[in-house]
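Residue numbers (our numbering): 95 to 290. Positions of the beta carbon are idealized from the N, C-alpha and C atoms, including for glycine. Since this is a predicted model, take the numbers as computed values, not measurements.
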Amino acid sequence: MAKNVLLSDSAAAEAPAPSRKRTKKAKARSKASATASATDSSDGTSWPAWLTLPGMDKAREAWADERIRTVTGLITLGTALIFALAIFSSFFTGVLDIRLVQQALGPGESEAFHNVLGAVGAHLGFVLARQGLGIGSLLVPFFLAVFGLRWLTDKPIVPLGKSLRLGLFLALYVPLTLAFVSRQPTARTALRGLRG
Numbered sequence: 095m096a097k098n099v100l101l102s103d104s105a106a107a108e109a110p111a112p113s114r115k116r117t118k119k120a121k122a123r124s125k126a127s128a129t130a131s132a133t134d135s136s137d138g139t140s141w142p143a144w145l146t147l148p149g150m151d152k153a154r155e156a157w158a159d160e161r162i163r164t165v166t167g168l169i170t171l172g173t174a175l176i177f178a179l180a181i182f183s184s185f186f187t188g189v190l191d192i193r194l195v196q197q198a199l200g201p202g203e204s205e206a207f208h209n210v211l212g213a214v215g216a217h218l219g220f221v222l223a224r225q226g227l228g229i230g231s232l233l234v235p236f237f238l239a240v241f242g243l244r245w246l247t248d249k250p251i252v253p254l255g256k257s258l259r260l261g262l263f264l265a266l267y268v269p270l271t272l273a274f275v276s277r278q279p280t281a282r283t284a285l286r287g288l289r290g
């Protein structure tokens with residue numbers, strides 16, 4: 095047998111024999127310490143693994159600044175106001191703006207948009223309210239406003255998980271309920287009338 099040059103006999107005698115049998119607790123402890131060392135930041139807080147991407151430390155440091163959160167909250171609240179105005183206005187003037195949006199008329203054309211926010215509002219309302227979720231599209235400005243207020247005041251306004259679940263439920267089922275309550279004929283009832 096060849097003698098290992100890097101490992102002397104004395105070092106081999108001092109090294110403990112590897113333990114073949116590890117308990118479940120020992121495995122869990124070593125796994126937890128490896129995970130904690132990978133996700134611990136310099137300030138001692140533990141972050142999820144997906145937040146340990148390169149450059150996220152700088153983003154976390156910037157987000158810790160109150161001025162950045164305040165400005166982001168104000169921008170988000172402004173965006174929520176624009177979305178809400180566009181959607182509400184499209185509920186009332188969307189029928190007049192659909193043709194203009196579908197024909198892609200420019201700003202110098204003969205007919206003007208009827209939405210409160212003009213062409214931008216007509217396009218936003220058409221995409222969100224007409225082609226999107228209908229009345230459920232009001233969730234977009236609602237959640238933008240919730241996040242904006244949360245970032246602006248550093249206080250949670252509503253519980254986000256419950257609000258998101260309730261909002262998605264309402265966004266799906268309120269339009270269905272309104273369709274059943276509505277007395278307008280659908281394609282199915284029109285076909286029944288043709289047959290007989």
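Quiz item: When you compare only the Cα positions, how much space is there between residue 179 and residue 246?
Solution: The residue you call residue 179 lines up with position 85 of the sequence shown. The residue you call residue 246 lines up with position 152 of the sequence shown. Straight-line Cα distance between these residues: approximately 21 Å.
Quiz prompt | Nearest neighbour of residue 157, chosen from 263, 248, 269 [CA to CA] | solution = Indexing the sequence shown from 1 puts residue 157 at position 63. When only C-alpha atoms are compared, the closest one is 248.
Quiz item: With a cut-off of 8 Å, do at least 3 Cβ pairs link the segment 157 to 167 to the segment 237 to 245?
Solution: Enough Cβ pairs lie closer than 8 Å, so yes.
Quiz prompt | Residue interval of the alpha helix (DSSP H) (run including residue 268) | solution = Against the sequence shown, residue 268 aligns to sequence position 174. Taken as a continuous stretch (DSSP letters only), the alpha helix (DSSP H) holding residue 268 covers 254 to 275.
Self-check item: Three CB pairs or more closer than 8 Å across the segment 182 to 201 and the segment 248 to 263
Solution: no
Self-check item: Extent of the continuous alpha helix (DSSP H) run through residue 207
Solution: Within the sequence shown, the letter at position 113 stands for residue 207. Taken as a continuous stretch (DSSP letters only), residue 207 belongs to no alpha helix (DSSP H), as it is neither H nor E.
Quiz prompt | Whole-angstrom distance between residue 228 and residue 290, CA atom to CA atom | solution = The count along the sequence shown starts at 1 and reaches residue 290 at position 196. The count along the sequence shown starts at 1 and reaches residue 228 at position 134. Interpretation of residue 290 is limited by its pLDDT of 45, a score under 50 that renders its predicted location unreliable; the figure taken from the coordinates is listed afterwards. Each residue's alpha carbon lies about 33 Å from the other.
Exercise. Determine the DSSP secondary structure at residue 146, reduced to helix, strand or coil.
Key: What you label residue 146 is simply residue 52 of the sequence shown in a count that begins at 1. Three-state DSSP puts residue 146 in coil, outside helix and strand.
Quiz item: Under three-state DSSP, which class holds residue 169?
Solution: Numbered from 1 along the sequence shown, position 75 holds the residue referred to as residue 169. Correct three-state label for residue 169: helix.
Quiz item: Apart from the five residues just before and just after residue 173, which ones in its own chain have a Cβ nearer than 6 Å to its Cβ?
Solution: Translated into positions along the sequence shown, residue 173 becomes position 79. So the list reads 238, once near-sequence residues are dropped.
Practice problem: Between the Cα of residue 208 and those of 250, 187, 150, spot the shortest distance and give me the residue it belongs to. | Solution: Within the sequence shown, numbered from 1, the residue matching residue 208 stands at position 114. Closest by alpha carbon: 187.
Self-check item: Separation of residue 210 from residue 183, as counted between CA atoms
Solution: Counted from its first residue, the sequence shown places residue 183 at position 89. Counted from its first residue, the sequence shown places residue 210 at position 116. Approximately 6 Å, taken between the alpha carbons.
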